[in-house]
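> One structure is given below, represented as structure tokens, and several questions about it will come after.
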Amino acid sequence: MATEPRDAPPDLGISRRSLLKGTAASGASAFGAFQAGAQEAEAAPTGGPEVEVEITINGKPERFTLDARTTLLDLLRERLDLTGTKVGCNHGQCGACTVLVDGTRINSCLRLAGTLDGAEVTTIEGLGQGGEMHPMQQAFIDNDGFQCGYCTPGQIMSAVGCVTEGHAGSEAEIREYMSGNLCRCGAYKGIVAAVVQARDETEAREAS
Amino acid sequence: MRPFSFRRPGSPEEAVAMVEPMGVAGQGGAFHAGGTTVIDLMKLHVLHPPSLTDLGDVLERGIEETGDGTLRVGAGTTMAEAAEHPAFLRAPVLSEALWKAASAQLRNVATLGGNLLQRTRCPYFRDNVSACNKREPGSGCAAKDGINRLLAVLGTSEECIANYPGDWANALILFDAVLETRSGEGGREIAFDDLHVLPGEDPARETILGDDELITAIRLTVPDWAGRSVYTKVRDRDSYAFALTSAAVALDLDGETVREARLAIGGAATVPWRAREVEDWLQGQTLTEDVAVEAGRRAFEGAQGWGENDFKIPLGRDTVARGLMEAKAMTPETNSGDSQ
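For the record, the sequence lines run as chains A and B.
Residues 17 to 224 in this note's numbering are what the first sequence lists, from first letter to last.
Residues 98 to 437 in this note's numbering are what the second sequence lists, from first letter to last.
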């Protein structure tokens, strides 16, 4: 069912993201050292020794010169503005930053971009094709697989990986193999149902 | 993270020539394989190597079977690949200890060589502030009188009670494993049992590896009867959590009589902990529940609780007993040597 957006916010020519970036910068001096950790997670590192890599991101190859500390998550969000991939714990514990590298799901927060020369990365922005949502994206909508939505891009990328790996056989197996993605809203029931639906659609498509 | 240079050698020989001396407490240079430990600890400023030597083009990936039960595992094999390998599935403890560890995302990246060397999850080691003899030799141990619920009750010293957090090492230690390593002095082989050292007076030193030494492969010998094996892991939540206590068990049974038992304990010890005295005691016993409970009691003889983690002693005993009974209840397919 198509729905019209209600009370669309006025276009101020400023994105929520650029507004947040400006706020963070002006707040930094006031909060001082306490903010340092949060800033580290937000800003791509600069000033250290560099690495050169060529990475194909969502089908587009590109060459980068990066501070060696740059994680894949930093590269996606801070250099490429692909902010669908989320920063959660930034330590590989929550799964919000999950993307596919050469078809395999990984935590982008723990992956140095410098290790990805020649790799193909798929993010939530590159999952759908030709304006169509990926069946897993549709399945999350159909099954209410989220509440606030913050963990959702990571959940969806992880779920695609889970089905590809062949670990979506039963609901128990889905729960085991999706345990690297935390949802604080507790939408797990819908998430499992979504993975089941997308798995069945994938299997039906492959069989036909 | 502090700045570091990123080095990309093409062979083990180049890697050991390139790595900066790693230092006893891991405060020099560092190798980087999957990165799931080292990047985490660098973000916490627990580690701050001036350079990382990447092993992406260096380590072998994959498991070779030589036909006589011996497996040669490339140190760059990921946890996910190994967990699904037929040779590991035939000795379920080897597979189970892997898929019950970490998350799918981490297992897709983390290598087996790195897995063996993962660092403790002791909160006082990781917080980079508290007294910690492992992180800052001589500074003391804040864990002994602190929040030590997750820490060790076996193999501790007054200097350190950090537990070895891994799972797979506890399975590997059952199978007479040998590590192939490379350093500037050439190659050598290390019995896996000898790799980790007890904290004693010097908890900063965790292994016998040299300053530039790299694990390149792991060899192990899996007997046919190891089809009867389990990794029983007890944790706060049923997936994606470190072990409170665990038991790696392999049993060779003649009816209900133990021909040979192999047992290792995880979660509760400072190093991968094979319980050889309990294995010897079990040999020839009829494996009843009472015998399993007695084996658990014996496995934790000499254990010392530190307050919040006192519960690990009774829990660990029960975990061993449960592991033995679970292994006994298995009906493994016989592996009559035709492993191809």
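Idealized CB from N, CA, C, for every residue including glycine.
Source: prediction; values computed, not measured.
With burial defined as no fewer than 16 other Cβ atoms inside 10 Å of the residue's Cβ, what is the status of residue 217 of chain B: buried or exposed?
By the neighbour-count rule (16 or more Cβ atoms within 10 Å), residue 217 of chain B is buried.
> Which residues in chain A have a C-beta closer than 7 Å to the C-beta of residue 136 of chain B? List them in chain order.
Those are 126 and 128, listed as they occur along chain A.
> My parser needs the alpha helix (DSSP H) runs of 4 or more residues fully inside the region 208-286 of chain B; what are they?
The region 208-286 of chain B contains these whole alpha helix (DSSP H) runs: 209-213, 220-223 and 265-269.
> Check the Cβ-Cβ distances between residue 473 of chain B and every residue of chain A, and say whether any is below 8 Å.
Any question about residue 473 of chain B goes unanswered here, given that chain B covers just 98 to 437.
> Would residue 140 of chain B count as contacting chain A if we go by Cβ distances under 8 Å?
Output row for residue 140 of chain B: interface = yes.
> Against chain B, which members of the region 186-199 of chain A pass a CB distance test of less than 9 Å?
Residues passing the 9 Å Cβ filter: 191, 192, 193, 194, 195, 196, 197 and 198.
> Tell me whether residue 305 of chain B is buried or exposed, calling it buried when 16 or more other Cβ atoms sit within 10 Å of its Cβ.
With fewer than 16 other Cβ atoms within 10 Å, it is exposed.
> Can you tell me whether residue 183 of chain B is buried or exposed, with buried defined as 16 or more other CB within 10 angstroms of its CB?
Residue 183 of chain B comes out exposed.
> What in chain B is Cβ-close to residue 121 of chain A, meaning under 9 Å?
Residues of chain B passing the Cβ test: 201, 202 and 205.
> Output yes or no for whether 8 Å exceeds the beta carbon distance between residue 143 of chain B and residue 222 of chain B.
Against a cut-off of 8 Å, the Cβ pair of residue 222 of chain B and residue 143 of chain B comes out as a contact.
> How would you call residue 186 of chain B, buried or exposed, if buried means at least 16 neighbouring beta carbons within 10 angstroms?
Exposed, because fewer than 16 other Cβ atoms sit within 10 Å of the Cβ of residue 186 of chain B.
> Any C-beta of chain B sitting closer than 8 Å to the C-beta of residue 167 of chain A?
No, residue 167 of chain A does not count as interfacial toward chain B.
> With residue 254 of chain B and residue 189 of chain B assumed to form a contact (beta carbons below 8 Å), what rounded beta-carbon distance in angstroms separates them?
That pair is no contact at about 34 Å.
> Determine which residues share a DSSP beta bridge with residue 168 of chain A and list them.
Beta-bridge pairing links residue 168 of chain A to no other residue.
> Taking only the alpha-carbon atoms, compute the straight-line gap between residue 217 of chain A and residue 151 of chain A and give it to the nearest angstrom.
Going by the C-alpha atoms only, they are around 7 Å apart.
> I want to see whether chain B comes within less than 8 Å of residue 52 of chain A, judged by CB atoms only; does it?
Unreliable placement is indicated for residue 52 of chain A, whose pLDDT of 42 sits below 50; the coordinate value is still reported in the next sentence. Output row for residue 52 of chain A: interface = no.
> The region 90-114 of chain A: which residues have C-beta closer than 7 Å to a C-beta of chain B, in chain order?
Result list: 106, 107, 108, 111 and 114.
> On the premise that residue 234 of chain B lies in contact with residue 301 of chain B, defined as a C-beta separation below 8 Å, what is that separation, rounded to the nearest angstrom?
The pair is a contact, with the Cβ atoms about 5 Å apart (cut-off 8 Å).
> Using the beta-carbon count (16 or more within 10 Å), is residue 275 of chain B buried or exposed?
With 16 or more Cβ atoms within 10 Å of its Cβ, residue 275 of chain B is classed as buried.
> Looking only at its chain, what residues have a beta carbon closer than 6 Å to the beta carbon of residue 131 of chain B, apart from the 5 residues adjacent to it on each side?
Answer for residue 131 of chain B: 206, 207, 208 and 211, listed in chain order.
> Could I get the ranges of all uninterrupted beta strand (DSSP E) runs contained in the region 58-85 of chain A, with 3 residues as the minimum, in chain order?
The qualifying runs are 66-73 and 76-83.
> Per DSSP, which one or two residues make a beta bridge with residue 326 of chain B?
Looking at the DSSP assignment, residue 326 of chain B forms a beta bridge with B:347.
> Ordered along the chain, which non-local residues of its own chain (more than five positions away) have a Cβ less than 7 Å from that of residue 213 of chain A?
Excluding sequence neighbours, residue 213 of chain A sits near 155, 158 and 159.
> Identify the continuous beta strand (DSSP E) that holds residue 318 of chain B and give its terminal residues.
Its beta strand (DSSP E) spans residues 311-318.
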